[in-house]
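A short write-up of the structure that comes next.
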Amino acid sequence: MHDIWNPWHGCIKCSEGCRNCYMFFLDKMRDHNGADIYCTGAGFNYPLSRDRNGEYKVKSGEMLRVCMTSDFFLKEADAWRPKAWDIIRQRPDVKFYLLTKRPQRVAANLPEDWGDGWENVFFNVSCENQKRTDERIPYLLDLPFKHKGIMCAPFIGPVSIEKYLPFNQIEQVLCDGENYSGSRPCHYEWVKTLSDECRRHNVTFIFCGTGRLFVKDGKTYRIEGNILQTEQAFLSGLSYYGKKIEFKLHDNLGYPIPEDSYQPYFKLRCLKCSRRPACNGCSNCGSC
């Protein structure tokens with residue numbers, strides 16, 4: 009997908025949400041071991057790659073999701089991270105979405121010129137259940153980032169974030185059910201609780217998908233396929249669009265990038281996709 013940047017691949021499982029990790033599942037299908045961690049080579053420089061006309065392939069205003077097959081703050085990637093930071097530094101016109109299950113490692117692994125944060129970095133922590141929520145969000149609130157959010161995925165237990173929202177730091181909450189082998193159920197009531205809490209504090213909440221097993225009114229529904237899962241999440245009406253997240257992007261000369269500089273392309277089927285508000289647009293890859 010054009011909105012993903014994986015400078016390295018492979019990870020070490022560290023919490024309950026990792027048990028049925030999709031990356032390990034997909035690697036196993038290819039006879040690979042997901043615990044083998046390696047630099048992705050040519051893919052490492054993807055944000056700096058150019059087309060035959062000399063223009064950046066990743067356009068100004070786009071958002072790249074970083075390390076979706078690893079963790080940006082993985083200890084085993086310490087040697088590669090400074091170069092990754094340098095690439096992010098060179099593209100102040102692009103938004104970089106970071107997600108980690110290791111927020112305790114972040115403070116010691118920020119660039120020397122970080123200050124109070126870079127405008128183009130959106131920092132998120134995984135909150136798959138209440139235990140990990142209460143463990144990770146305090147780090148999130150203490151760390152110097154301009155933009156912060158949380159990802160409840162795989163959503164495997166009830167979560168309340170009510171006590172953290174009054175700090176006015178969390179700008180977006182995403183949640184998604186679990187897929188692949190060993191999928192654990194996601195409950196409607198869990199999703200609604202998060203939705204209601206975000207509405208009370210005008211924080212954007214996106215119900216990305218039901219997952220394979222979705223429980224509502226005591227009945228378990230088996231929902232196969234990513235498209236159907238996202239459509240059902242969309243039809244639930246639980247997503248909420250709160251206060252707009254304003255990224256003050258600029259080019260390398262310091263000139264501001266207009267908010268509408270990048271216009272994502274969506275197909276007709278995208279109109280009922282719950283992930284659209286957090287999506288970088290369709291790249292016609294044919295995978296959906």
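Heads up: the sequence shown runs through residues 9 to 296, numbered per the numbering used here.
Glycine included, every Cβ here is placed at the ideal spot set by N, Cα and C.
These figures come from a predicted structure and were not determined experimentally.
Could you tell me which of the options sits nearest to residue i, measuring between CA atoms?
{"i": "Ile20", "options": "Asp59, Thr77, Ala241 and Asp94", "result": "Thr77"}
{"i": "Leu276", "options": "Cys290, Phe175 and Ser189", "result": "Cys290"}
{"i": "Tyr46", "options": "Trp88, Pro264, Phe130 and Cys216", "result": "Trp88"}
{"i": "Thr108", "options": "Gly219, Leu173 and Ser23", "result": "Ser23"}
{"i": "Tyr248", "options": "Ala286, Leu106, Trp126 and Asp124", "result": "Ala286"}
{"i": "Pro174", "options": "Asn187, Pro272 and Ile145", "result": "Ile145"}
{"i": "Val114", "options": "Phe242, Arg207 and Pro90", "result": "Pro90"}
{"i": "Glu205", "options": "Ala241, Lys256, Tyr172 and Gly49", "result": "Tyr172"}
{"i": "Val6", "options": "Val102, Asn61 and Glu63", "result": "The requested residue 6 is not part of the displayed model; the chain covers only 9 to 296."}
{"i": "Ser282", "options": "Glu127, Ile265 and Thr218", "result": "Thr218"}
Since residue i contacts residue j with CB under 8 Å, what's their CB separation in whole angstroms?
{"i": "Leu56", "j": "Gln98", "result": "6 Å"}
{"i": "Val199", "j": "Leu246", "result": "6 Å"}
{"i": "Ile95", "j": "Asn53", "result": "7 Å"}
{"i": "Phe81", "j": "Asn117", "result": "6 Å"}
{"i": "Val211", "j": "Glu179", "result": "7 Å"}
{"i": "Lys67", "j": "Arg58", "result": "Contact flag wrong, Cβ pair sits at about 11 Å."}
{"i": "Pro312", "j": "Asp259", "result": "Nothing can be reported for residue 312, as the shown portion of the chain is limited to 9 through 296."}
Quick check on residue i: does DSSP put it in helix, strand or coil?
{"i": "Tyr229", "result": "strand"}
{"i": "Met9", "result": "Here Met9 scores only 47 on pLDDT, less than 50, and its place in the model is too uncertain to base an answer on."}
{"i": "Phe255", "result": "coil"}
{"i": "Leu261", "result": "coil"}
{"i": "Thr141", "result": "helix"}
{"i": "Tyr270", "result": "coil"}
{"i": "Gln177", "result": "coil"}
{"i": "Pro15", "result": "coil"}
{"i": "Thr218", "result": "coil"}
{"i": "Asp184", "result": "strand"}
{"i": "Asn132", "result": "strand"}
{"i": "Lys280", "result": "helix"}
So, for residue i: in the same chain, excluding its five sequence neighbours on each side, which residues have a beta-carbon less than 7 Å away from its beta-carbon?
{"i": "Val167", "result": "Cys135, Asn137, Gln138, Thr141, Cys160, Trp198 and Leu202"}
Could you name the residues of the same chain whose beta carbon sits closer than 8 Å to that of residue i, not counting the 5 residues immediately before and after it, in chain order?
{"i": "Gln177", "result": "Leu148, Leu149 and Lys156"}
What residue does the alpha helix (DSSP H) around residue i start on, and which one ends it?
{"i": "Leu34", "result": "Tyr30 to Met37"}
{"i": "Leu236", "result": "Asn234 to Ser244"}
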